[in-house]
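*Asks:* Here's a structure for you.
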Amino acid sequence: MNTRKVSAFLVLAFGISWTAAALLYVSGIEYGGITSTILVVVFFMWAPAIAAIGVQLRYGDPIRRDTGSVHGRLRWIAIAWLAPIALLAVTVGIGLGLPSVEFTTDYGAFLAEQGLSEDQIAESLAVLDEAPVPPIVLFVVQGLVAGLTINALAALGEELGWRGLLLAELSPLGFWRVSGITGVVWGIWHAPIILQGHNFPDAPVVGVITMSVWTVAASPVFTYLTVRAQSVLAATFFHGTFNAVGWFSLVYLTGATNLVIAPVGIAGIGAAILATSACVVHDRYLADEPIITGGPISPWGR
């Protein structure tokens, strides 16, 4: 592990992202609008990728090879692309087991919470009523398409750094330590936009802690899929689809705040723990070659 290289990457990634978040805050641009979303995607989410590319160039190391920017094992990339659907279904299931949380299909109420006008809500509900398939099927298809395209493009900005360069550099530490360190870094990195209202607008401070717990809980899943696929594309498509369908729990669950029912809230943390457990079971009983052994891992099959 090249400690200086890792340090340079983290300083650059955090420096770019947190500076962008600070500028967004002082600019007075309302968080959650179209303008702020574009700025967050371009200057915040893509900072880890920019940092990874910059550090690779600085050290004269290959960018594609050392960040896993290769096609890898397509079967595992496909699994990563589809897995968030199951993860969000488990999130909803766990949420229903929590106090005061109930299942709902009141799409109008959800759209109202997103700030849509009565006319916009009426138009959206009319589209859902006229759809040839149930709304959930439509949402899943749209989520999978977005997870493979526009959302994947945004997610690549993070994953080229976290599950690309950082995973490769930390790989001598072994699966659990790589996942733990990355999860902590990833969670703290989100802090400036969480404090501005991202994911937990009603409880931003507690939201930083909750988000960090989720990133630590979910990080092993990202690591496992990436190493199995031998490609950063697995984490990219997993992340992209997760972001595209993450609002499912907020649509179908009611009776609690985002801290409880959000995909990165308490319900989501529980789902991430179960998903990590599934990875461990697969690695121990089904995989031909275990990677959760405590020893160094080879993310790109080298």
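In this note's numbering, the protein residues as written are 303 to 604. Even for Gly, the Cβ is constructed at its ideal location relative to N, Cα and C.
1) Quick one, are the C-beta atoms of L326 and V342 less than 9 Å apart?
2) In chain order, which alpha helix (DSSP H) runs of at least 4 residues are fully inside the stretch 358 to 411?
3) Does the distance from the C-beta atom of P601 to that of Q532 stay below 9 Å?
4) Counting only runs of 4+ residues fully inside the stretch 472 to 560, write out the alpha helix (DSSP H) ranges in chain order.
5) Along the chain, where does the alpha helix (DSSP H) that runs through W320 open and close?
6) Which residue marks the beginning of the alpha helix (DSSP H) containing S338, and which one marks its end?
7) For I365 and S371, what's the separation of their Cα atoms in angstroms?
8) If Q498 sits next to Y333, beta carbons under 8 Å apart, how far is it from one beta carbon to the other, in whole angstroms?
9) Measuring alpha carbon to alpha carbon, tell me which of V357, N560, L312 ends up nearest P506.
10) Closer than 7 Å by C-beta to V534: which residues in its own chain qualify, once you throw out the five before and the five after it? Chain order, please.
11) I want to know whether the stretch 390 to 409 touches the stretch 566 to 573 - three or more CB-CB distances under 8 Å.
12) Alpha carbon to alpha carbon, how far is R634 from A414?
13) Does the Cβ of Y587 have 16 or more other Cβ atoms within 10 Å, making it buried, or fewer, making it exposed?
14) For H373, is the classification buried or exposed, using 16 other Cβ atoms within 10 angstroms of its Cβ as the cut-off for buried?
15) Rounding to the nearest angstrom, what Cα-Cα distance links A428 and I438 in this structure?
16) Is it a yes or a no for the stretch 472 to 487 touching the stretch 539 to 550, going by three-plus beta-carbon pairs under 8 Å?
17) Just to confirm, is the Cβ distance from F524 to A564 under 9 Å?
18) Let me confirm a value: L314 is counted as buried when at least 16 other C-beta atoms fall within 10 Å, else exposed. Which label applies?
19) CB F300 to CB W348, shorter than 9 Å?
20) Spatial neighbours of F346 within its chain, please: CB distance less than 7 Å, with the 5 preceding and 5 following residues excluded, ordered by chain position.
21) Given a cut-off of 9 Å on the beta-carbon distance, is the pair T512 and G485 in contact?
22) Please report how far the alpha carbon of V508 lies from the alpha carbon of L555, in whole angstroms.
23) Is A457 helix, strand or coil when you go by DSSP?
24) Is DSSP giving G572 helix, strand or coil here?
25) Alpha carbon to alpha carbon, how far is A288 from I423?
26) Helix, strand or coil, according to DSSP, for S579 in the structure here?
27) Is it right to say G603 is buried, meaning 16 or more other beta carbons lie within 10 angstroms of its own, or is it exposed?
28) Quick check on Q416: does DSSP put it in helix, strand or coil?
*Replies:* The answer reads as follows:
1) Note that the C-beta distance between L326 and V342 is below 9 Å.
2) Listed in chain order, they are 365 to 368, 376 to 398.
3) Contact annotation: P601 and Q532 have beta-carbon atoms nearer than 9 Å.
4) Restricted to the stretch 472 to 560, the alpha helix (DSSP H) segments that are unbroken, complete and at least 4 residues in length are 477 to 491, 493 to 497, 506 to 531, 534 to 547, 550 to 554, listed in chain order.
5) Its alpha helix (DSSP H) spans residues 305 to 329.
6) 336 to 341 is the span of the alpha helix (DSSP H), which, as asked, contains S338.
7) Rounded to whole angstroms, I365 to S371 spans 8 Å at the Cα level.
8) Indeed, because the Cβ distance is near 5 Å, the residues count as touching under 8 Å.
9) When only C-alpha atoms are compared, the closest one is N560.
10) Hits under 7 Å: T369, G370, S371, E461, L462, R465, G466, T528.
11) When C-beta atoms of the stretch 390 to 409 are compared with those of the stretch 566 to 573, three or more pairs fall below 8 Å, so the two segments count as touching.
12) Examination of residue 634 is not possible in this model, given that the chain is present from 303 through 604 alone.
13) Exposed, by the Cβ-count rule.
14) Counting Cβ neighbours within 10 Å, H373 comes out exposed, since fewer than 16 surround it.
15) Annotation: A428 to I438 spans about 15 Å, alpha carbon to alpha carbon.
16) No, because fewer than three Cβ pairs between the stretch 472 to 487 and the stretch 539 to 550 fall closer than 8 Å, the two stretches do not touch.
17) In this structure, A564 does not lie closer than 9 Å to F524 by Cβ.
18) Under this definition L314 is a buried residue.
19) Since the first residue shown for the chain is 303 and the last is 604, residue 300 is missing from the structure and cannot be characterised.
20) Only residues of its own chain outside the window of five on either side were considered, and among them S319, A322, A323, I495 have a CB closer than 7 Å to the CB of F346, listed in chain order.
21) Going by C-beta atoms, T512 is not nearer than 9 Å to G485.
22) Cα to Cα, V508 sits roughly 21 Å from L555.
23) Helix.
24) Three-state result, G572: helix.
25) As displayed, the chain neither begins before 303 nor continues past 604, which places residue 288 out of reach and without an answer.
26) Reduced to three states, the DSSP call for S579 is helix.
27) With fewer than 16 other Cβ atoms within 10 Å, it is exposed.
28) DSSP, read as helix, strand or coil, puts Q416 in coil.
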